[in-house]
Structures are given as structure tokens and as C-alpha cells.
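Participant:
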Amino acid sequence: MIEFQDIRKSYRVSKRESGLGNAVKSFFKRDYTLIEAIKGISFSIDDGEMVGYIGPNGAGKSTTIKILSGILMPDGGTCVVNGQVPWKDRKEYVRQIGVVFGQRSQLWWDIPVIDSFELLKSIYAIPSAAYRGKLDELTGLLHLEELLKTPTRQLSLGQRMRCELAASLLHDPKLLFLDEPTIGLDAVSKIAVRDFIRKLNEEHKTTVILTTHDMQDIEAITNRVILIGRGQKLMDGTLNDLRAEAASMEAETGTADSENEESDLDHMIAHLYAKLNIM
Amino acid sequence: MKKYYSFFKLRFATGLQYRMASVTALTTQLIWGLMECLLYKAVAEATDGRIPMDYSSIVTYIWLKESLYVLFNTWAMDNDLFAMITSGDIAYELCRPLSVYSMWFSRMTGARISEAFLRCIPVTVCAFLMPKPYRMTLPVNGAAFLFFLLTLFLALGITITFCMLVYMLCLFTVSPQGWRMVLTGAVEFLSGNVIPLPFFPKKYLFLVELSPFAYMQNVPFRIYSGDLAGAAMYPYIIKQVIWLAALMSAGIVIWKLAEKRIVVQGG
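As they're listed, the protein sequences go chains A and B. Everything in the first sequence is counted per the numbering used here, starting at 1 for the first residue and increasing by one. Everything in the second sequence is counted per the numbering used here, starting at 1001 for the first residue and increasing by one.
Below is the structure:
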């Protein structure tokens, strides 16, 4: 159970005009602007839900994931996950979550993947029997047999992402946060990742929160979509609700035509972003 | 404890992966060591032997320094850690049920010991096979050897906690280069890595001994070579323990401060 209440987070961003003169000036005096990444977002997610968290670049998706994983401390608001506040007792809290950052790696670069897994086993103090069982299960589902003995640096991106997923699940977390897990993957790997996440949720009732720009991920995996833009929550419902909303918006403004109704998900989302003026 | 041992073990195994580095290091260290031996020979002859350390002590000091080089060098820090800080991969470290300070501490200890382990054996063997005046000697007695081992570990601890301090400070700046250059350059010279500390003029030596740098490799190497013995050792050992505790506490305090204000940038 995730309760996310009126969370706010802003970043200090240093700004200056171009040119040498301004560079010298900024050496002595920096101008900072406060960028509000999240302006009071609230939602609650039940156990076993699979939620897609979407929005344009810079909407605050990753910030939300980082707050949920205890990495960032918000400026205000409350967040309670299974009775714990993520950033309060970080070390205790993170035992129950698994996180995958699609653009980062948690595997040691020069050594075989299995060595990184063994390290995670002792970091999370996973009992040997449980570890073996989980490893076998994940190896089967993600087809890792061949990859485990290979050093990370020699894996393709798709292979590495499968290993990253496995690494995040070895300690059998109740919650899984995925920040763009399919970024840069080919069609086959994307499908493998999606199938795996679905199976994981069916078998273990793992709660999954997924951020992505790939609308097919959303369609294939999630049963609920939260749309954010400019740091605010704009919609919360099923993908069909989203479709209906987009259609009614188009009807209102009179731009609806037969072609648009048949257009694919990406077009629909692009329209929606444009209509909501969040690009 | 087992968790931290795993970090140590994994980093040890990673170190064993870099075989070529060990081979090339061997040649560098032998040639450099020999050059230094010749240099001090010239100094000893030019001053009619009026040098602050015994020549044979200097030779042994030099060979110890070369064979255990990677234990104490501060400029070659773990680049993976700097990469984690600048790239934001530290995000994953923050999702672990352990303190980042302890994870990195164990990791660095593993790295240093694994690399030193590979290099010290061949360099030491060669140093014992050198022609007479340039030959490394055995420790003066068994007790000196035990004190050498004890102070060696304390010195390693001080070096690592010092490096940890540099990592922690890098969490506050965009680029780690600045901190590294200033601090590691200073350590290199003040820890006796360039010139053994007894060669420093008295009043400067007094200042150096107020800093933690005098308690790194300076202490174990001088105990082994017999330059530091008996009651003179004890104040050094006590100060080693104090500096180790002080640097570690400072590092942990800075980490606690950093932990609250870390911003992992980018998507």
C-alpha cells in the first residue's frame, strides 16, 4: 500500500546567460532559480497494482521514483509505503523494494554477472536456499543461463537489462519500481521484459510502478495510468479512461476527425500532452 | 560483518582480473626502486655518511615502499566510485540496506589488498636478490616484524579513511578533480612517499607530525627497517589509532550530511 500525499520537491538550478563576461560574473555570483519538479502530487496505490506513470520529459517522473525509493527527501508532503516513510529509515525500508533505473547499472562492470548477484545475496542477507530458488526462477523466466558467467561489459543492452531486472528481484521485494526499463531495447527484449513483469505480478502479486515513454509498455503491462505534467497530477485511471478523455477533449475543441480516432497510442498521447499544454 | 567481507572479497576478485597491470607494475617498481637506491647512495657519499637514516635502513624503506606501493598511494583511487558520484549510479548504492560509507570502505580495502598482494611478492623476492648494498634486509627481530604488521594495518586504515574523506567531499562538488589534485598531491609528499620523513628539516617535520600523513606508511616502514624502535614507537602507534578514529568519524559525519542533500540528477 503506497500513500503519496501532497509531495513537493524543488531543485536549485544555476543559470547564466551565454558569453565570457557572464561566465566571469557567475564565477563570483551564481544566480539560482528554484525549479519545482513536483508541486503537490497525491495518489495511493494498492498492493498488487501495476501502475504506469507517464508524462513528458521533465514532468517529475524520475523524481517521484527517487522519492519512493528513499533516495530523495521531498520538501513537503507525506509518503507512507507499507507503514514506512522511505527517507526516514532508508536502510530498513529498502529491503522491501526493488528498483531498476533503465539508464544506470548496478552490476559490476568487469566481473561475471553471477558475482554481482552473490554480492547482493550477502548485502540483503538472503538465506542460501531462498537465493537458489529465486535465482533458478529468475534464470528460467529471463533466460539468463548463458549470461550469468559473462562479465557485464560484454553483454548487449537487452541482455544487461534482463540481468538488471533479476538483480533487483533477488531479495524478493514486495514492490518494484521501474524507471524506463525498456529504454533503448529492441522489440524482442522489450517483449521479454514486459512478459516477465506481467508474470511476476501474477505469481507474486508484486506491486509495480513503471515510468516509460513507450506507450506499448503501458498497454501491455499496466492496468492503471497516472499522467503527470509540469509537476502536477493530471489524470488517474485506466488506459481506456485516458482514451476517452483524449477523445472528449478533441470533441470539445472541435478538432476530432475520423482519422484521429483511429490514430495510435503515441499520437493520442502527443495530442493529449499538447492539449494539456504540458510540453 | 559478512556483508562487508563480501564487498572485500568481490573487489579482491576483481583486482585479480587485471593481470597485465601487475606485470607492468613489477617492472616499474623495480626500476624506480633501484634508481632511488642509487640516488641515496650518492647523497650518502656526498655527505660522508652524515644522513638522518642508516643507508641499509633507507634501502629497506625504499623496497618496502615499492612492494607495498598500492596500499598507500592516494592518487590512484577507485575510479569506479568517482564515476558513481559523477554519473549518478550512486542511486543504486542508496537503494541498499547498508551504509554507503561502510560499503565503499570495504570495497576500497579489498581493492588495495588484492592489488598489493599480487605485486608485493615478486617485488620483495627481487629486492632480496639484489646485489649487496641494494639488498633488502630482514626485520631486525621478530617483535619488530609484529609491530610492523600492526602499524601496517593501522596505516592502511588511515590511508583509506583519508581517501573516503575525499570521496565524501566530492559529493558536494560537481567535479572530483579539484579535491583529488590538492589532497593527493599533499599526501604524496607529506606521508614520506617521495622522501622518507627523517630527511625533513626538524621544524617542518614537527608540523608534518601534527598531520595524519606522518602516520601512514612512515610508521610501519621505519619500524621494519629498524629506524624506529623501542619506546619511540609507542607515541606513533597511539597517534595512529587516534587519527584512524578521527578520520573515520569525520568521514561518517560528512556522509550523514551528504545523504540528506544528495540530488541524483538526470532521468
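By construction, the Cβ of each residue, glycine as well, lies at the ideal position given by its N, Cα and C atoms.
Just verifying my parser: in three-state terms, what is the DSSP assignment at residue 264 (chain A)?
Facilitator: Locating residue 264 (chain A) in the first sequence gives position 264, counting from the first residue. The answer is coil: DSSP assigns residue 264 (chain A) none of H, G, I, E or B.
Participant: Using C-beta distances below 6 Å, list every residue in its chain close to residue 45 (chain A), excluding the 5 sequence neighbours before and after it, in chain order.
Facilitator: Counted from its first residue, the first sequence places residue 45 (chain A) at position 45. Closer than 6 Å at Cβ, skipping near neighbours: 2 and 51.
Participant: Using a Cβ distance threshold of 8 Å, determine whether the segment 1147 to 1155 of chain B contacts the segment 1235 to 1245 of chain B, with at least three qualifying pairs required.
Facilitator: Enough Cβ pairs lie closer than 8 Å, so yes.
Participant: With DSSP as the reference, label residue 17 (chain A) as helix, strand or coil.
Facilitator: Within the first sequence, numbered from 1, the residue matching residue 17 (chain A) stands at position 17. Correct three-state label for residue 17 (chain A): coil.
Participant: Could you tell me the distance, in whole angstroms, from the CA atom of residue 268 (chain A) to the CA atom of residue 38 (chain A)?
Facilitator: Reading the first sequence from its first residue, position 268 is the one you call residue 268 (chain A). Reading the first sequence from its first residue, position 38 is the one you call residue 38 (chain A). Spanning the two alpha carbons is a distance of roughly 24 Å.
Participant: Considering only C-alpha positions, which residue in the set A:229, A:234 and A:203 is nearest to residue 58 (chain A)?
Facilitator: Counting from 1 along the first sequence, the entry for residue 58 (chain A) is found at position 58. Of the candidates A:229, A:234 and A:203, the one whose C-alpha sits nearest the C-alpha of residue 58 (chain A) is A:229.
Participant: Counting Cβ pairs closer than 8 Å, one from the segment 58 to 78 of chain A and one from the segment 105 to 113 of chain A, do we hit at least three?
Facilitator: Taking 8 Å as the limit for Cβ pairs, the verdict is that the segment 105 to 113 of chain A does not touch the segment 58 to 78 of chain A.
Participant: Out of curiosity, what's the CA-to-CA distance linking residue 275 (chain A) and residue 1247 (chain B)?
Facilitator: Within the first sequence, residue 275 (chain A) is the residue found at index 275, counting from 1. Within the second sequence, residue 1247 (chain B) is the residue found at index 247, counting from 1. Distance between the alpha carbons of residue 275 (chain A) and residue 1247 (chain B) is about 57 Å.
Participant: Near residue 1179 (chain B), what residues of its chain come up, given a Cβ to Cβ distance below 6 Å and the 5 sequence neighbours on each side ignored?
Facilitator: Taking the first residue of the second sequence as position 1, residue 1179 (chain B) is located at position 179. Within the same chain, residue 1179 (chain B) has close Cβ partners 1166, 1169 and 1170.
Participant: If you reduce the DSSP assignment to three classes, tell me which class residue 224 (chain A) lands in.
Facilitator: As a position in the first sequence, residue 224 (chain A) is number 224, starting the count at 1. Three-state result, residue 224 (chain A): strand.
Participant: Where residue 1150 (chain B) and residue 1258 (chain B) are concerned, what is the direct C-alpha to C-alpha distance, given to the nearest angstrom?
Facilitator: If you number the second sequence from 1, residue 1150 (chain B) lands on position 150. If you number the second sequence from 1, residue 1258 (chain B) lands on position 258. In a straight line, the C-alpha of residue 1150 (chain B) is about 33 Å away from that of residue 1258 (chain B).
Participant: Check this for me: beta carbons of residue 1201 (chain B) and residue 124 (chain A), under 8 Å apart or not?
Facilitator: The sequence position of residue 1201 (chain B) within the second sequence is 201, counting from 1. The sequence position of residue 124 (chain A) within the first sequence is 124, counting from 1. It is not a contact, given that the beta carbons lie outside the stated cut-off.
Participant: Select from the segment 30 to 43 of chain A all residues with a C-beta closer than 9 Å to any C-beta belonging to chain B, and list them in chain order.
Facilitator: Hits within the stretch: zero.
Participant: According to DSSP, residue 1070 (chain B) sits in a beta bridge with which residue or residues?
Facilitator: Here residue 1070 (chain B) refers to the residue found at position 70 of the second sequence. DSSP lists no partner for residue 1070 (chain B).
Participant: Chain A beta carbons: is any one of them nearer than 8 Å to that of residue 1267 (chain B)?
Facilitator: Indexing the second sequence from 1 puts residue 1267 (chain B) at position 267. Here residue 1267 (chain B) scores only 48 on pLDDT, less than 50, and its place in the model is too uncertain to base an answer on.
Participant: Quick check on residue 201 (chain A): buried or exposed, where buried means 16 or more other Cβ atoms within 10 Å of its Cβ?
Facilitator: On the first sequence, position 201 is the one that residue 201 (chain A) refers to. Residue 201 (chain A) should be labelled buried.
Participant: Out of B:1081, B:1062, B:1111 and B:1071, which has the shortest C-alpha to C-alpha gap to residue 1018 (chain B)?
Facilitator: Taking the first residue of the second sequence as 1, we reach residue 1018 (chain B) at position 18. Checked all of B:1081, B:1062, B:1111 and B:1071; the closest Cα to residue 1018 (chain B) is B:1111.
Participant: Tell me the DSSP secondary structure of residue 1110 (chain B) in three-state form.
Facilitator: In the second sequence, residue 1110 (chain B) corresponds to position 110, counting from 1. Helix, per DSSP.
Participant: Quick one: list the residues of chain A neighbouring residue 1086 (chain B), beta-carbon separation under 9 Å, in chain order.
Facilitator: On the second sequence, residue 1086 (chain B) is found 86 positions in, with the first residue counted as 1. Those do not exist, as residue 1086 (chain B) stays about 12 Å from chain A at its closest Cβ, beyond 9 Å.
Participant: Along the chain, where does the alpha helix (DSSP H) that runs through residue 1001 (chain B) open and close?
Facilitator: As a working note, residue 1001 (chain B) is residue 1 in the second sequence. Per DSSP, residue 1001 (chain B) belongs to no alpha helix (DSSP H) and is neither H nor E.
Participant: Assuming residue 157 (chain A) and residue 147 (chain A) make a contact with CB atoms under 8 Å, what is their CB distance in whole Å?
Facilitator: Taking the first residue of the first sequence as position 1, residue 157 (chain A) is located at position 157. Taking the first residue of the first sequence as position 1, residue 147 (chain A) is located at position 147. Not quite, the Cβ-Cβ distance comes to about 12 Å (not below 8 Å), so this is no contact.
Participant: So, helix, strand or coil for residue 1080 (chain B), using DSSP?
Facilitator: Position 80 of the second sequence holds residue 1080 (chain B). DSSP places residue 1080 (chain B) in helix when its eight states are reduced to three.
Participant: So, is the C-beta of residue 1134 (chain B) closer than 8 Å to a C-beta in chain A?
Facilitator: One-based indexing of the second sequence puts residue 1134 (chain B) at position 134. No - not a single Cβ of chain A is within 8 Å of the one on residue 1134 (chain B).
Participant: Whose C-beta lies closer than 8 Å to the C-beta of residue 204 (chain A) among residues of the same chain, with five residues either side of it excluded?
Facilitator: Against the first sequence, residue 204 (chain A) aligns to sequence position 204. Contacts found: 172.
Participant: According to the Cβ coordinates, are residue 102 (chain A) and residue 182 (chain A) closer than 8 Å?
Facilitator: On the first sequence, residue 102 (chain A) is found 102 positions in, with the first residue counted as 1. On the first sequence, residue 182 (chain A) is found 182 positions in, with the first residue counted as 1. Their beta carbons are under 8 Å apart, which means residue 102 (chain A) touches residue 182 (chain A) by this criterion.
Participant: Please report whether the beta-carbon of residue 258 (chain A) lies at a distance below 8 Å from any beta-carbon of chain B.
Facilitator: As a position in the first sequence, residue 258 (chain A) is number 258, starting the count at 1. Residue confidence for residue 258 (chain A) is low, a pLDDT of 47 falling below 50, so the modelled location carries little weight and cannot support an answer.
Participant: Please name the residues in the segment 95 to 116 of chain A whose beta-carbon is closer than 9 Å to at least one beta-carbon of chain B, in chain order.
Facilitator: So the list reads 95, 97, 98, 99, 101, 102, 103, 104, 105, 106, 108, 109, 110, 111, 115 and 116, given in the order they occur along the chain.
Participant: With DSSP collapsed to three states, give me the class of residue 9 (chain A).
Facilitator: Reading the first sequence from its first residue, position 9 is the one you call residue 9 (chain A). Strand, per DSSP.
Participant: Straight-line CA distance for residue 1231 (chain B) to residue 1223 (chain B)?
Facilitator: In the second sequence, the residue the question calls residue 1231 (chain B) occupies position 231. In the second sequence, the residue the question calls residue 1223 (chain B) occupies position 223. Between residue 1231 (chain B) and residue 1223 (chain B), the C-alpha separation is close to 12 Å.
Participant: Extract the residue ranges of the beta strand (DSSP E) inside the segment 78 to 114 of chain A, only unbroken runs of 3 or more that lie entirely within it.
Facilitator: Runs of the beta strand (DSSP E) inside the segment 78 to 114 of chain A: 97 to 101.
Participant: So what's residue 168 (chain A) in DSSP terms, helix, strand or just coil?
Facilitator: The residue you call residue 168 (chain A) lines up with position 168 of the first sequence. Helix, per DSSP.
Participant: Jot down the residue ranges of each uninterrupted alpha helix (DSSP H) in the segment 1179 to 1265 of chain B, minimum 4 residues, whole runs only, in chain order.
Facilitator: Taking only runs of at least 4 residues, the alpha helix (DSSP H) segments lying wholly in the segment 1179 to 1265 of chain B are 1202 to 1208, 1218 to 1224 and 1233 to 1261.
Participant: Spell out whether any CB of chain A is found under 8 Å from the CB atom of residue 1112 (chain B).
Facilitator: Looking up residue 1112 (chain B) in the second sequence gives position 112. No, residue 1112 (chain B) does not count as interfacial toward chain A.
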